[in-house]
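**Student:** Dumping the structure here so I can ask a few things about it.
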Amino acid sequence: MLTSDALLQAAKERGMPEGKLLGILREYLQVLILKELYRLHTGKKFCFTGGTYLRLVHQAKRFSEDLDFNSKGLTKSEFEHTLNQVQAALKKIGMEVRLGFSHWQNLWVAELIFPDVERVYGVASRHSKKEGVVIKAEVMRPRWKIEPEAFVIRGFGEMYPAVCTQKGALFADKIDALLKKNRARHLFDLMFMLGAKYPIDAKVLNAVGVKGPPLEAVVRRVERFSAQDLKRLAESLRPFLFDEQEAGLIVNAKTIIRQLVEQY
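Structure below.
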């Protein structure tokens, strides 16, 4: 485990905002969890995806709370055994961590609970949750084919390879998420992926039921947001942004999305 001073220095080297100590601590815990996960043989069946993937692998400037994965060959018993091994490894390096499970149909969920870590690192506040810092690890078993990509995760003195879901699949999945849910994080992540010109996996779009040109569907969806909707979404996202001024991207999403789609 890093000392408090070493953690803050590592965060500074990563360009993270110094005032967002809980976000820094959570990201450190995510990096440690993934390190132990990908040391395991069954860990190779966990294909990293979602907002935390965009943050840790591609340096998106948004804090993300949970660890999302896709998998085809993983069984429920393997999922639980793997997370138990991760918990044991974290305890060996001095972490107090509890583990619980809950599952729904094709979604398996583990909760890694760090009850004392905020006190240890001196970041406890009136906003702290009674149970401590909770990081969920969620595995979805999609209907579409996973074509894993390997990327390196670096930071906080750690470096290791991670098995990741293909970028085009995540882009398609985020498009589907925006069309179905009013979440600021989906809108922000779509802007990030559009700006980086990620490919869009047409097979995944078809599997999740998105019909017609996907970017036209995104523009239409964003156009349906009222100005009040966008302001509300921007405020909900603000605490998770490295630069809170970037909440303005959400407020001005109609103009920005149109421009990004035209440039894509």
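Numbering follows the working numbering, with no gaps: position 132 of the sequence shown is 830.
By construction, the Cβ of each residue, glycine as well, lies at the ideal position given by its N, Cα and C atoms.
What alpha helix (DSSP H) runs, 4 residues minimum, are completely inside the stretch 891-933?
**Tutor:** 900-906, 912-921
**Student:** So which of 848, 740, 902 has the shortest CA-CA distance to residue 872?
**Tutor:** Nearest to residue 872 by C-alpha distance, out of 848, 740, 902, is 902.
**Student:** Classify residue 816 as helix, strand or coil using the three-state DSSP reduction.
**Tutor:** helix
**Student:** If you draw a straight line from the C-alpha of residue 782 to the C-alpha of residue 748, how long is it?
**Tutor:** Looking at the two C-alpha atoms, the distance is approximately 23 angstroms.
**Student:** Should the stretch 888-907 be regarded as contacting the stretch 933-941, the criterion being three or more beta carbon pairs within less than 8 angstroms?
**Tutor:** no
**Student:** Going by the DSSP bridge assignment, what does residue 851 pair with across the sheet?
**Tutor:** 858
**Student:** Can you tell me whether residue 780 is buried or exposed? The criterion is at least 16 other CB atoms within 10 Å of its CB, across all chains shown.
**Tutor:** buried
**Student:** Quick one: grab the DSSP three-state call for residue 889.
**Tutor:** helix
**Student:** Going by DSSP, what residues sit across from residue 801 in a beta bridge?
**Tutor:** 806
**Student:** Let me know if residue 754 comes out buried or exposed under the rule of 16 or more other beta-carbons within 10 Å of its beta-carbon.
**Tutor:** buried
**Student:** Please give the ranges of any alpha helix (DSSP H) in the stretch 717-777, keeping only runs that are unbroken, at least 4 residues long and fully inside the region.
**Tutor:** 719-736, 748-756
**Student:** Return the first residue and the last residue of the beta strand (DSSP E) that residue 821 is part of.
**Tutor:** Looking at the DSSP string, residue 821 is not in any beta strand (DSSP E), and its letter there is neither H nor E.
**Student:** Is the stretch 766-781 close to the stretch 837-848, with three or more CB pairs under 8 angstroms?
**Tutor:** yes
**Student:** Roughly how many angstroms lie between the CA atoms of residue 919 and residue 866, to the nearest whole one?
**Tutor:** 20 angstroms
**Student:** What separation, rounded to the nearest whole angstrom, lies between the Cα atoms of residue 857 and residue 948?
**Tutor:** 33 angstroms
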